[in-house]
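Undergrad: The structure under discussion is supplied below as structure tokens; questions concerning it will follow.
Here it is, written out as structure tokens:
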């Protein structure tokens with residue numbers, strides 16, 4: 022009888038170890054990371070913006086909506102790459118592009134670093150690209166699926182370039198949406214004290230922090246545990262001579 026109990030105990034321990042490994046494996050599943058270079062847009066100029074994916078080989082498909090504020094820039098077209106014309110819905114008057122893509126077999130390694138697609142726009146204002154381009158879940162839900170059929174999120178990263186000028190700038194947080202932490206970058210034309218304030222859509226202050234920063238490009242790291250909330254948020258950067266607010270999305274864990 023004792024041997025039987027011991028054998029059952031060993032099987033239970035083995036099952037727990039296997040389940041723990043499965044949980045650990047799920048934790049390392051990464052969101053799909055889309056990226057493009059941050060750049061300063063000039064009013065009246067046309068731009069072609071290549072979009073790439075850092076870990077495209079880990080997914081079998083994705084869908085999303087892209088929003089470009091039509092008051093700030095006009096969408097003039099979409100250039101093909103790994104994705105083609107039939108992967109998109111195009112609604113330029115509303116500043117919307119929807120996209121859906123999937124494959125039956127993983128892409129060959131030589132294609133993984135190719136451009137997914139290229140956005141073609143005319144800028145109406147002088148401003149950073151990250152201020153006008155964002156991913157969203159309407160009208161097409163934003164989600165990707167791994168090779169193991171697990172659903173993951175999608176992030177848009179703007180690779181920072183060296184910013185120079187005499188005006189302060191606040192950039193879109195990256196990644197966005199996020200569920201653990203995100204970087205909120207900004208540029209200061211001179212050394213200054215900067216304050217970051219996060220509010221919900223009702224205007225309630227959820228988090229506030231500040232610091233003394235040197236001239237140049239700086240950033241705050243914001244954690245989901247700092248704000249203890251999820252959904253659409255507004256974050257504001259305040260200095261003596263500058264205040265700007267942007268939206269971000271916090272995904273519940």
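In this note's numbering, the protein residues as written are 22 to 274. Glycine included, every Cβ here is placed at the ideal spot set by N, Cα and C.
Across the region 83-95 and the region 117-125, are there enough close Cβ pairs to call them in contact, namely three or more that are closer than 8 Å?
TA: Touching, per the Cβ criterion.
Undergrad: Measure the alpha-carbon distance for residue 177 versus residue 137 and round it to whole angstroms.
TA: Numbered from its first residue, the chain shown carries residue 177 at position 156. Numbered from its first residue, the chain shown carries residue 137 at position 116. Near 13 Å, if we compare the C-alpha coordinates of residue 137 and residue 177.
Undergrad: Let me make sure I understand the geometry here. Which of 272, 159, 243, 268 has the alpha-carbon closest to that of residue 222?
TA: Within the chain shown, numbered from 1, the residue matching residue 222 stands at position 201. The candidate whose alpha carbon is nearest that of residue 222 is 268.
Undergrad: What is the C-beta distance between residue 175 and residue 165, in whole angstroms, given that I count them as a contact (C-beta under 8 Å)?
TA: Position 154 of the chain shown holds residue 175. Position 144 of the chain shown holds residue 165. Right, their Cβ atoms sit about 5 Å apart.
Undergrad: Name the DSSP beta bridge partners of residue 204, please?
TA: The sequence position of residue 204 within the chain shown is 183, counting from 1. According to DSSP, which records beta bridges pairwise, residue 204 is partnered with 195, 242.
Undergrad: Cα separation between residue 219 and residue 194?
TA: Start at 1 with the first residue of the chain shown, and residue 219 comes out as number 198. Start at 1 with the first residue of the chain shown, and residue 194 comes out as number 173. Those two C-alpha atoms are separated by around 12 Å.
Undergrad: Among 190, 245, 172, 252, which one has its Cα closest to the Cα of residue 206?
TA: Taking the first residue of the chain shown as position 1, residue 206 is located at position 185. The candidate whose alpha carbon is nearest that of residue 206 is 190.
Undergrad: Assign residue 233 to one of three DSSP states: helix, strand, or coil.
TA: The residue you call residue 233 lines up with position 212 of the chain shown. Of the three classes helix, strand and coil, the one that applies to residue 233 here is strand, per DSSP.
Undergrad: Is the CB-CB distance between residue 20 and residue 214 below 8 Å?
TA: Summary: the structure shown does not reach residue 20, with the chain confined to residues 22 through 274, and so no result is reported for it.
Undergrad: Look up residue 71 in the DSSP assignment and say whether it is helix, strand or coil.
TA: Here the question's residue 71 lines up with position 50 in the chain shown. Residue state, collapsed to three classes: strand.
Undergrad: With distance defined between alpha-carbon atoms, name the residue in 95, 264, 81 nearest to residue 62.
TA: On the chain shown, position 41 is the one that residue 62 refers to. With distances taken between Cα atoms, residue 62 lies closest to 95.
Undergrad: Within 10 angstroms of its Cβ, does residue 80 collect 16 or more other Cβ (buried), or is it exposed?
TA: Here residue 80 corresponds to residue number 59 of the chain shown, with the count starting at 1. Residue 80 should be labelled buried.
Undergrad: Would residue 153 be called buried (16 or more neighbouring beta carbons within 10 Å of its own) or exposed?
TA: If you number the chain shown from 1, residue 153 lands on position 132. Under this definition residue 153 is a buried residue.
Undergrad: Is residue 306 helix, strand or coil when you go by DSSP?
TA: Summary: the structure shown does not reach residue 306, with the chain confined to residues 22 through 274, and so no result is reported for it.
Undergrad: Pull up the distance between the alpha-carbon of residue 203 and that of residue 245, whole angstroms please.
TA: The residue given as residue 203 occupies position 182 in the chain shown. The residue given as residue 245 occupies position 224 in the chain shown. Whole-angstrom Cα-Cα distance: 8 Å.
Undergrad: Out of 53, 115, 187, 89, state which residue places its alpha-carbon closest to the alpha-carbon of residue 146.
TA: By 1-based counting over the chain shown, the position of residue 146 is 125. It is 89.
Undergrad: For residue 178, which residues does DSSP report across the bridge?
TA: Residue numbering aside, residue 178 sits at position 157 when the chain shown is read from its first letter. DSSP, once it has assigned bridges, lists 56 as partnering residue 178.
Undergrad: Could you name the residues that DSSP lists as bridge partners for residue 221?
TA: The sequence position of residue 221 within the chain shown is 200, counting from 1. Answer by DSSP bridge pairing, in chain order: 254.
Undergrad: Less than 8 Å between C-beta atoms, sequence neighbours within five positions excluded: which residues of the same chain meet that for residue 167?
TA: Reading the chain shown from its first residue, position 146 is the one you call residue 167. Here the set comprises 50, 79, 80, 81, 173.
Undergrad: Quick check on DSSP: helix, strand or coil for residue 259?
TA: On the chain shown, position 238 is the one that residue 259 refers to. In the structure shown, residue 259 sits in a strand (DSSP, three-state: E or B).
Undergrad: My output table needs one value for residue 171: the three-state DSSP class, helix, strand or coil.
TA: Walking along the chain shown from the start, residue 171 turns up at place 150. Three-state DSSP puts residue 171 in coil, outside helix and strand.
Undergrad: When DSSP builds the beta bridges, which residues end up paired with residue 94?
TA: For this step, residue 94 is matched to residue 73 along the chain shown. In the DSSP output, where bridge partners are listed per residue, residue 94 has 144.
Undergrad: What are the start and end residues of the beta strand (DSSP E) that includes residue 79?
TA: Here residue 79 is taken as the residue at index 58 of the chain shown, counted from 1. From DSSP, residue 79 is part of no beta strand (DSSP E); its letter is neither H nor E.
Undergrad: To the nearest angstrom, report how far apart residue 54 and residue 73 are at their CA atoms.
TA: Position 33 of the chain shown, counting from 1, holds the residue named residue 54. Position 52 of the chain shown, counting from 1, holds the residue named residue 73. Cα to Cα, the separation comes out at about 8 Å.
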